[in-house]
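Student: Sharing a structure here in structure tokens format.
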Amino acid sequence: MVGEGADTGTRKLQQKFNNQSRSEVFIRFAQGMLTTAAYPGSALPGREVWSGIKVPLFLVAGESDRVTSPKEAEQIAEWLTESTGVSNQRALASVAPGEGDRLSRKGTQDSPVAIEAEGGCAKAEYSSEIVSTTAGDLESAQYLLAGTQKGPATELRTGADEPFSVVEEERTQTNHAFALKTTVFPAPAAHGLMYATSTVRILSGLIETFLAHHVDERLALGWQLQHMATSGKWDVKNLKKWQKIEECSEPIAGVFRAMKTMREVDDVHNPREFVKRFGCRALPDGVAIVVDISHESPVYDPKGLEEGGVEYHKFPTVSKLPPTADEVEHFISLIDLLRTLTRLKPSKETGQDDKIHPVIGVHCHYGFNRTGFFIVCYLVERLHYKVQDAIEEFAVKRKPGIKHEHFVNELYVRYAAKMERRGTIVG
Numbered sequence: 014m015v016g017e018g019a020d021t022g023t024r025k026l027q028q029k030f031n032n033q034s035r036s037e038v039f040i041r042f043a044q045g046m047l048t049t050a051a052y053p054g055s056a057l058p059g060r061e062v063w064s065g066i067k068v069p070l071f072l073v074a075g076e077s078d079r080v081t082s083p084k085e086a087e088q089i090a091e092w093l094t095e096s097t098g099v100s101n102q103r104a105l106a107s108v109a110p111g112e113g114d115r116l117s118r119k120g121t122q123d124s125p126v127a128i129e130a131e132g133g134c135a136k137a138e139y140s141s142e143i144v145s146t147t148a149g150d151l152e153s154a155q156y157l158l159a160g161t162q163k164g165p166a167t168e169l170r171t172g173a174d175e176p177f178s179v180v181e182e183e184r185t186q187t188n189h190a191f192a193l194k195t196t197v198f199p200a201p202a203a204h205g206l207m208y209a210t211s212t213v214r215i216l217s218g219l220i221e222t223f224l225a226h227h228v229d230e231r232l233a234l235g236w237q238l239q240h241m242a243t244s245g246k247w248d249v250k251n252l253k254k255w256q257k258i259e260e261c262s263e264p265i266a267g268v269f270r271a272m273k274t275m276r277e278v279d280d281v282h283n284p285r286e287f288v289k290r291f292g293c294r295a296l297p298d299g300v301a302i303v304v305d306i307s308h309e310s311p312v313y314d315p316k317g318l319e320e321g322g323v324e325y326h327k328f329p330t331v332s333k334l335p336p337t338a339d340e341v342e343h344f345i346s347l348i349d350l351l352r353t354l355t356r357l358k359p360s361k362e363t364g365q366d367d368k369i370h371p372v373i374g375v376h377c378h379y380g381f382n383r384t385g386f387f388i389v390c391y392l393v394e395r396l397h398y399k400v401q402d403a404i405e406e407f408a409v410k411r412k413p414g415i416k417h418e419h420f421v422n423e424l425y426v427r428y429a430a431k432m433e434r435r436g437t438i439v440g
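With this note's numbering as the guide, the letters of the sequence shown map in order to residues 14 to 440.
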């Protein structure tokens, strides 16, 4: 099931599953696939069944799968589509690191079909290099599924290490009038890719994105966290939660410190106390610059930081949702610029080691999810960390690390696999 190239962890999971499975159940399952006099043809769903499906479909296959070949997913997609003989070209542009994927897609007046460039649509290559920062499907799918022929023009982007190339793609029209997406994971992905350690995070992120964009946006965990909250950030319960959290982390990769937002009326974690404990004048590797990524105006006066020698920058982002590719790109550009400032250089007067120097403090509200996401992206795209190593580095220095599972899954989708883009067909 898991294939010859499966890692040890995945093999142990498969062994556990095998030991817990009952032979009688499998035998009955296998018998159900046999042909009978009433059904002389194949007992498995064929063209007649698949072509009649009227729901969004996400077809997933593993290149090394010997149980269900990737060709079967391609066959199903072929049954659900028909060629219109129109050629469509899309350029994969080479851009700066962190800029992500830039693949434009659009419908035509002749056909209500949109072929979307999307993270994970098609064959993937595992790589530790910088890869796509694509966030997933585009919002235009909602317009198309609602019956509108044209959604808003939107673009996605591709990583800088991908060479410029042109993809010839045949324009197709779906018969079942819903989104159809196909993803084929490369070897060693096999039949157990739903639980294999090398693919489970990536696949989870792709499924989450597909459900949110093509089924119902309310299925997205980010939407649920945003719209189903029953209390404000500074209600008594959340205030106590904030008070229990560590104010500031140890240096992360020698560039950052993750921190929770300060509060002007707090006796412990206000700007004046912060610079005394964690500022660059108090510590050789203390905070010289604070980047506030919370969406609201700060509940503290930045002048208290500036008077203590700490520079303040505002970079507003929305909570509960993984930062977009554009937000990551702009954050990385901001950090690149800040790192050139002399205030982040080692002090010659104190004779500091070059490796010990002032750092950049980053905070959202609690300093875990958005803060962790941006910092991990920077470690991967600029400091050449592998995504797993970057996530672990943040978790070690800012325990317990990124808490939102959908944030972690999105990081794996963007960085743990390099995708060769095909398209999501929406009709």
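Quick reminder that beta carbons are idealized off the backbone N, C-alpha and C, glycines included.
Taking the DSSP output, what are the residues bridged to D305?
Tutor: Your numbering for residue 305 matches position 292 in the sequence shown. K327, H376, per the DSSP bridge assignment.
Student: Between which residues of its own chain and Y208 is the CB-CB distance below 6 Å, once the five residues before and five after are set aside?
Tutor: Counting from 1 along the sequence shown, the entry for residue 208 is found at position 195. The answer, listed in chain order, is L26.
Student: Select from M275, S310, L318 the residue whose C-alpha is nearest the C-alpha of R294.
Tutor: Along the sequence shown, one-based indexing puts residue 294 at 281. Minimum Cα distance to R294 is reached at L318.
Student: For E340, does the count of other Cβ atoms within 10 angstroms reach 16, so buried, or fall short, so exposed?
Tutor: Counting from one through the sequence shown, the residue named residue 340 turns up at place 327. Counting every other CB atom within 10 Å of its CB across the protein chains shown gives E340 a total of 16 or more, marking it as buried.
Student: Rounded to a whole number of angstroms, what is the C-alpha to C-alpha distance between A19 and G45?
Tutor: On the sequence shown, position 6 is the one that residue 19 refers to. On the sequence shown, position 32 is the one that residue 45 refers to. In a straight line, the C-alpha of A19 is about 29 Å away from that of G45.
Student: Please state if the CB of R214 and the CB of N422 are separated by a distance shorter than 8 Å.
Tutor: The residue labelled residue 422 in the question sits at position 409 within the sequence shown. The residue labelled residue 214 in the question sits at position 201 within the sequence shown. Yes, they are a contact pair.
Student: What is the DSSP secondary structure of R231, reduced to helix, strand or coil?
Tutor: Within the sequence shown, the letter at position 218 stands for residue 231. Of the three classes helix, strand and coil, the one that applies to R231 here is helix, per DSSP.
Student: Please report the residue range of the alpha helix (DSSP H) in which F71 lies.
Tutor: For the purposes of this step, residue 71 is taken as the residue at position 58 of the sequence shown. First-last for F71: 70 to 75, but that is the beta strand (DSSP E), not the alpha helix (DSSP H).
Student: Check for me: the beta strand (DSSP E) holding R270 runs from which residue to which?
Tutor: One-based indexing of the sequence shown puts residue 270 at position 257. Here the beta strand (DSSP E) through R270 covers 269 to 272.
Student: Whole angstroms are fine: how far does the CA of E394 sit from the CA of A429?
Tutor: As a working mapping, residue 429 is identified with position 416 in the sequence shown. As a working mapping, residue 394 is identified with position 381 in the sequence shown. Cα to Cα, A429 sits roughly 12 Å from E394.
Student: So for C293, helix, strand or coil by DSSP?
Tutor: Working through the sequence shown from its first residue, we reach residue 293 at position 280. Here C293 sits in coil by DSSP.
Student: I'd like the list of long-range same chain contacts for L357, defined as Cβ closer than 8 Å, with 5 residues on each side in sequence excluded.
Tutor: What you label residue 357 is simply residue 344 of the sequence shown in a count that begins at 1. A301, I302, L351, H370, P371, V372, I373, listed in sequence order.
Student: Using DSSP with H/G/I as helix, E/B as strand and the rest coil, what is T49?
Tutor: The residue labelled residue 49 in the question sits at position 36 within the sequence shown. It is coil, neither helix nor strand.
Student: Is it the case that the stretch 221 to 229 contacts the stretch 26 to 41, given that we only count it when at least three CB pairs across the two stretches are under 8 Å?
Tutor: no
Student: Which residues share a DSSP beta bridge with K194?
Tutor: In the sequence shown, residue 194 corresponds to position 181, counting from 1. BP columns for K194 point to F71.
Student: Exposed or buried, what is D78 when buried is set at 16 or more other beta-carbons lying within 10 Å of its beta-carbon?
Tutor: Taking the sequence shown and counting its residues from 1, the one referred to as residue 78 is at position 65. Answer is buried; the Cβ neighbour count reaches 16.
Student: Could you work out which residue in R276, T353, L347, G299 is closest to K316 when comparing CA atoms only?
Tutor: The count along the sequence shown starts at 1 and reaches residue 316 at position 303. The candidate whose alpha carbon is nearest that of K316 is R276.
Student: Give a yes or no on whether the C-beta atoms belonging to T210 and G22 are separated by under 8 Å.
Tutor: Translated into the one-based positions of the sequence shown, residue 210 becomes position 197. Translated into the one-based positions of the sequence shown, residue 22 becomes position 9. Going by C-beta atoms, T210 is nearer than 8 Å to G22.
Student: Shortest alpha-carbon distance to A192 belongs to which of T384, D402, F71?
Tutor: Translated into positions along the sequence shown, residue 192 becomes position 179. Among T384, D402, F71, the Cα nearest to that of A192 belongs to F71.
Student: In the DSSP output, what is C261 paired with across the bridge?
Tutor: Along the sequence shown, one-based indexing puts residue 261 at 248. Bridge partners of C261: M272.
Student: Hey, G322 and G292: beta-carbon distance below 8 Å or not?
Tutor: Locating residue 322 in the sequence shown gives position 309, where the first residue counts as 1. Locating residue 292 in the sequence shown gives position 279, where the first residue counts as 1. Yes.
Student: Tell me, to the nearest whole angstrom, how far the beta carbon of V73 is from that of T196; I am working on the premise that it is less than 8 Å.
Tutor: Against the sequence shown, residue 73 aligns to sequence position 60. Against the sequence shown, residue 196 aligns to sequence position 183. Sure, about 5 Å apart at Cβ, within 8 Å.
Student: Can you list, in chain order, the residues of its chain with a C-beta nearer than 6 Å to that of H326? Leave out the 5 residues immediately preceding and following it.
Tutor: Within the sequence shown, numbered from 1, the residue matching residue 326 stands at position 313. Within the same chain, H326 has close Cβ partners V304.
Student: If you follow the alpha helix (DSSP H) that K410 is part of, which residue opens it and which one closes it?
Tutor: Locating residue 410 in the sequence shown gives position 397, where the first residue counts as 1. 400 to 410 is the span of the alpha helix (DSSP H), which, as asked, contains K410.
Student: For the stretch 386 to 402 and the stretch 277 to 289, state whether three or more C-beta atom pairs, one from each stretch, are separated by less than 8 Å.
Tutor: no
Student: Mapping the DSSP letters down to three states, classify V426 as helix, strand or coil.
Tutor: Counted from its first residue, the sequence shown places residue 426 at position 413. Helix.
Student: Would you identify the three-state DSSP class for T81, choosing helix, strand or coil?
Tutor: Taking the sequence shown and counting its residues from 1, the one referred to as residue 81 is at position 68. DSSP places T81 in coil when its eight states are reduced to three.
Student: In whole angstroms, what separates the C-alpha of E342 from that of H282?
Tutor: For the purposes of this step, residue 342 is taken as residue 329 along the sequence shown, with counting starting at 1. For the purposes of this step, residue 282 is taken as residue 269 along the sequence shown, with counting starting at 1. Each residue's alpha carbon lies about 30 Å from the other.
Student: Express the C-alpha separation of K194 and A130 in angstroms, rounding to a whole number.
Tutor: Locating residue 130 in the sequence shown gives position 117, counting from the first residue. Locating residue 194 in the sequence shown gives position 181, counting from the first residue. Confidence at A130 is low in this model, with a pLDDT of 36, below 50, so its placement is unreliable and the value that follows should be read with caution. One C-alpha to the other measures close to 11 Å.
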